[in-house]
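Quick mapping for you: the protein sequence lines, in order, are chains A and B.
Start counting the first sequence at 1; every next residue gets the next number (my numbering).
Start counting the second sequence at 361; every next residue gets the next number (my numbering).
Single-structure report; data block below.
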Amino acid sequence: MTLKKTPFYEIHKKLGARMVPFSGFSMPVQYQSIIEEHEAVRNNAGIFDITHMGEFILEGKNVFDFLQYIMINDLNLLEVNKGQYSCMCYENGTVVDDLVYYEETPTRFRMIVNASNIDKDFQWLNDHIGEYDVKVTNLSRERCRLAFQGPNSDELMQKLVDVDLSQINRFYFSHCNLKGNPIFLARTGYTGERGFEISFENQYAENVWGYLHGTGASPAGLGARDSLRLEACYSLYGHEISNEITPIEAGLFWLVKPKAGIDYIGKEILLKQKSQGTERTLVGLNLLERGIIRDDYKIFYKGNQIGYVTSGGYSPTLKKTIGLGLVKTQHSEINTEIEIEIRKKLVKGIVAEIPFYRNV
Amino acid sequence: MDYKFPKELKYTETHEWVLLEDEVATVGITDYAQHQLGDIVYVEMPEIGMIFERESIAGEIESVKAVGEIIMPLSGEIMKTNSKIIDNPELVNSSPFEEGWIMKIKISHKDEIENLISVEEYIKVVESEEA
Numbered sequence: 001m002t003l004k005k006t007p008f009y010e011i012h013k014k015l016g017a018r019m020v021p022f023s024g025f026s027m028p029v030q031y032q033s034i035i036e037e038h039e040a041v042r043n044n045a046g047i048f049d050i051t052h053m054g055e056f057i058l059e060g061k062n063v064f065d066f067l068q069y070i071m072i073n074d075l076n077l078l079e080v081n082k083g084q085y086s087c088m089c090y091e092n093g094t095v096v097d098d099l100v101y102y103e104e105t106p107t108r109f110r111m112i113v114n115a116s117n118i119d120k121d122f123q124w125l126n127d128h129i130g131e132y133d134v135k136v137t138n139l140s141r142e143r144c145r146l147a148f149q150g151p152n153s154d155e156l157m158q159k160l161v162d163v164d165l166s167q168i169n170r171f172y173f174s175h176c177n178l179k180g181n182p183i184f185l186a187r188t189g190y191t192g193e194r195g196f197e198i199s200f201e202n203q204y205a206e207n208v209w210g211y212l213h214g215t216g217a218s219p220a221g222l223g224a225r226d227s228l229r230l231e232a233c234y235s236l237y238g239h240e241i242s243n244e245i246t247p248i249e250a251g252l253f254w255l256v257k258p259k260a261g262i263d264y265i266g267k268e269i270l271l272k273q274k275s276q277g278t279e280r281t282l283v284g285l286n287l288l289e290r291g292i293i294r295d296d297y298k299i300f301y302k303g304n305q306i307g308y309v310t311s312g313g314y315s316p317t318l319k320k321t322i323g324l325g326l327v328k329t330q331h332s333e334i335n336t337e338i339e340i341e342i343r344k345k346l347v348k349g350i351v352a353e354i355p356f357y358r359n360v
Numbered sequence: 361m362d363y364k365f366p367k368e369l370k371y372t373e374t375h376e377w378v379l380l381e382d383e384v385a386t387v388g389i390t391d392y393a394q395h396q397l398g399d400i401v402y403v404e405m406p407e408i409g410m411i412f413e414r415e416s417i418a419g420e421i422e423s424v425k426a427v428g429e430i431i432m433p434l435s436g437e438i439m440k441t442n443s444k445i446i447d448n449p450e451l452v453n454s455s456p457f458e459e460g461w462i463m464k465i466k467i468s469h470k471d472e473i474e475n476l477i478s479v480e481e482y483i484k485v486v487e488s489e490e491a
């Protein structure tokens with residue numbers, strides 16, 4: 001099996017990154033230290049290679065109506081130069097993928113999808129086009145993507161781009177130039193800090209990375225990306241949402257819009273769950289005794305299993321272990337005392353308030 | 361990669377180091393092991409007084425991304441564990457052979473010392489794992 005490489009592969013190796021396979025790519029899990037990279041993003045700014053993710057362009061007369069049909073969020077809340085986070089769901093309400101789409105014009109949208117779901121999403125979109133006048137183009141391999149995140153990201157990015165970033169609000173985007181290199185820049189992110197996600201043609205890879213690195217921002221790998229998003233309690237496909245979990249169960253009830261008079265896939269079940277509730281609910285987790293919460297550990301209440309950990313780990317910002325888990329709704333209240341099974345021992349824990357951290 | 365391999369210590373193929381002083385063995389994990397694990401965030405050490413056989417699991421070391429086992433290099437009773445690494449597990453990363461020591465064992469079977477490997481043999485173990 002050979003792994004795909006992003007245009008930044010050699011740069012990662014030169015920086016001493018530890019490379020791991022991720023969704024068919026060789027990606028940096030860390031450069032020197034996950035904790036140091038995590039802290040650099042929280043205190044200054046970090047640069048993430050997210051080229052493994054997918055990028056599609058959807059174009060055509062009926063793009064808007066097509067997206068209204070396959071997305072659970074409401075595009076009437078969108079406008080040109082703005083992006084929107086949503087899920088595409090199956091008829092039973094479980095999730096095909098979570099993603100962000102950006103309205104470039106009412107008939108042209110850019111869509112960023114998860115690395116693990118690129119082929120599935122492309123197929124899903126094409127399978128549901130039917131009579132809609134829409135064409136989907138997969139630009140994933142033709143463009144690079146980087147995330148630039150941290151409290152100083154505005155100040156540092158402003159030195160490089162030819163647009164006034166103070167005029168670009170959260171979720172809005174711009175086509176601009178980074179020291180002469182044309183980029184798509186959106187004020188979005190997955191770390192819980194202010195920041196940007198940018199995409200550009202492969203030919204500009206070295207230049208753009210060089211300028212971003214030159215600001216003093218720290219390269220940060222997938223390890224830090226995961227610990228940062230876990231502190232911010234952002235869902236990760238395959239963990240908090242999946243083809244077995246609905247957005248309502250995952251606490252994303254605000255994504256499920258009524259869209260009166262507009263049919264969308266999963267609408268009936270999702271609106272029912274939104275009004276009637278679900279049998280299981282996503283909660284935050286802390287331990288009351290020593291240990292580290294990890295994915296898939298079982299969660300117990302008074303000796304009975306009530307759920308499992310969807311994501312767990314160590315929080316460098318809070319300096320303790322944190323986690324997210326799916327538990328029976330009747331035990332989902334904050335401060336409910338639960339137990340987490342760690343290597344055959346039941347360790348005392350508690351349902352915690354989430355998010356653990358946000359600084360957007 | 362440049363790892364530290366103190367010459368005065370003995371080693372195991374499972375990446376523990378052993379400092380032998382008569383009846384007592386001080387045990388930790390090697391520089392190579394801490395590097396493989398990454399940022400260490402938690403150490404689970406055995407209780408004082410517990411007796412373990414050689415090659416049994418005495419405890420766990422957890423990094424951000426991985427869980428590693430601490431394997432007993434020799435049979436014996438746990439005499440002391442390093443309380444400093446409970447609140448500062450990062451000492452195992454920054455000082456694996458000194459401040460990041462893990463436990464002191466009262467050796468019960470002195471002949472088991474033969475099973476420990478020399479620094480030269482351990483370097484070979486690391487080289488073959490890196491290849």
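Just so it is clear, CB atoms sit at the ideal spot from N, CA and C, and this is done for glycine as well.
When the beta-carbon positions are compared, F66/A and L58/A come within less than 9 Å of each other. Pairing Q123/A with Y264/A gives a Cβ-Cβ distance that is not under 9 Å.
When the five nearest sequence neighbours on each side are left out, the beta carbons in the same chain lying within less than 6 Å of the beta carbon of I34/A are those of G223 and A224, in order along the chain. For the region 411-441 of chain B, the beta-carbon criterion of a distance under 7 Å to any beta-carbon of chain A is satisfied by E422, V424 and K425. Annotation for N177/A: D162 place their beta carbon closer than 6 Å to its own, counting only its chain and skipping 5 residues before and after. For V486/B, the closest of Q396/B, E474/B and Y402/B by C-alpha to C-alpha distance is Q396/B. The beta carbon of V309/A does not come within 9 Å of any beta carbon belonging to chain B, so the residue lies off that interface.
Just so you know, the alpha carbons of Y301/A and K367/B end up roughly 51 Å apart.
Chain-ordered, the chain A residues with CB closer than 9 Å to the CB of G398/B read R18, V29, Q30, S33, I34, I35 and G223. Taking a 10 Å sphere around the C-beta of E244/A, we find fewer than 16 other C-beta atoms and assign the residue as exposed. Relative to the Cα of S423/B, the nearest Cα in the group V351/A, G312/A and F56/A belongs to G312/A. The region 129-136 of chain A makes no contact with the region 163-173 of chain A, as fewer than three CB pairs between them are under 8 Å. With its beta carbon less than 9 Å from one in chain A, Y402/B belongs to the interface.
Inter-residue distance for L285/A and G192/A is about 18 Å (C-alpha atoms, whole angstroms). Per DSSP, the unbroken alpha helix (DSSP H) holding E480/B starts and ends at V479 to E490. Annotation: Cβ neighbours of G313/A in chain B (cutoff 7 Å, chain order): V424. In the three-state scheme derived from DSSP, where H, G and I count as helix and E and B as strand, M405/B is classed as coil. In the three-state reduction of the DSSP assignment, E474/B falls in the helix class, which pools H, G and I. In this structure, the alpha-carbon of G291/A lies about 11 Å from that of I446/B.
For A393/B, the secondary structure class from DSSP, reduced to helix, strand or coil, is helix. Listed in chain order, the alpha helix (DSSP H) elements of length 4 or more contained wholly in the region 24-104 of chain A are 34-43 and 63-70. When 9 Å is used as the limit between beta carbons, G291/A is near these residues of chain B: Y402, E404 and E422, in chain order. With respect to chain A, the C-beta atom of I446/B has a partner C-beta closer than 9 Å. For R225/A, there is no enclosing beta strand (DSSP E); the enclosing alpha helix (DSSP H) covers residues L222 to A232. The beta carbon of Y9/A is closer than 7 Å to those of S26 in its chain, skipping five residues each way along the sequence.
Counting other Cβ atoms within 10 Å of its Cβ, A491/B stays below 16 and is therefore classed as exposed.
Residues of chain B whose Cβ lies closer than 8 Å to the Cβ of S116/A do not exist; the shortest such Cβ separation is about 18 Å. Contacts with chain B at 9 Å (Cβ-Cβ) do not include R229/A. For W254/A, no beta strand (DSSP E) run applies, since DSSP gives it neither H nor E. Closer than 9 Å to the CB of T321/A there is at least one CB belonging to chain B. Collapsing the DSSP output to three states places G312/A in a strand.
At a cut-off of 9 Å between C-beta atoms, R343/A counts as an interface residue with respect to chain B. Secondary structure at L212/A: helix, using DSSP grouped into helix, strand and coil. In chain order, V95, D97, D98, N114, S116 and N117 place their CB closer than 8 Å to the CB of Y237/A, counting only its own chain and leaving out the 5 sequence neighbours on each side. Counted as a single uninterrupted DSSP element, the alpha helix (DSSP H) harbouring E268/A occupies residues K267 to Q276.
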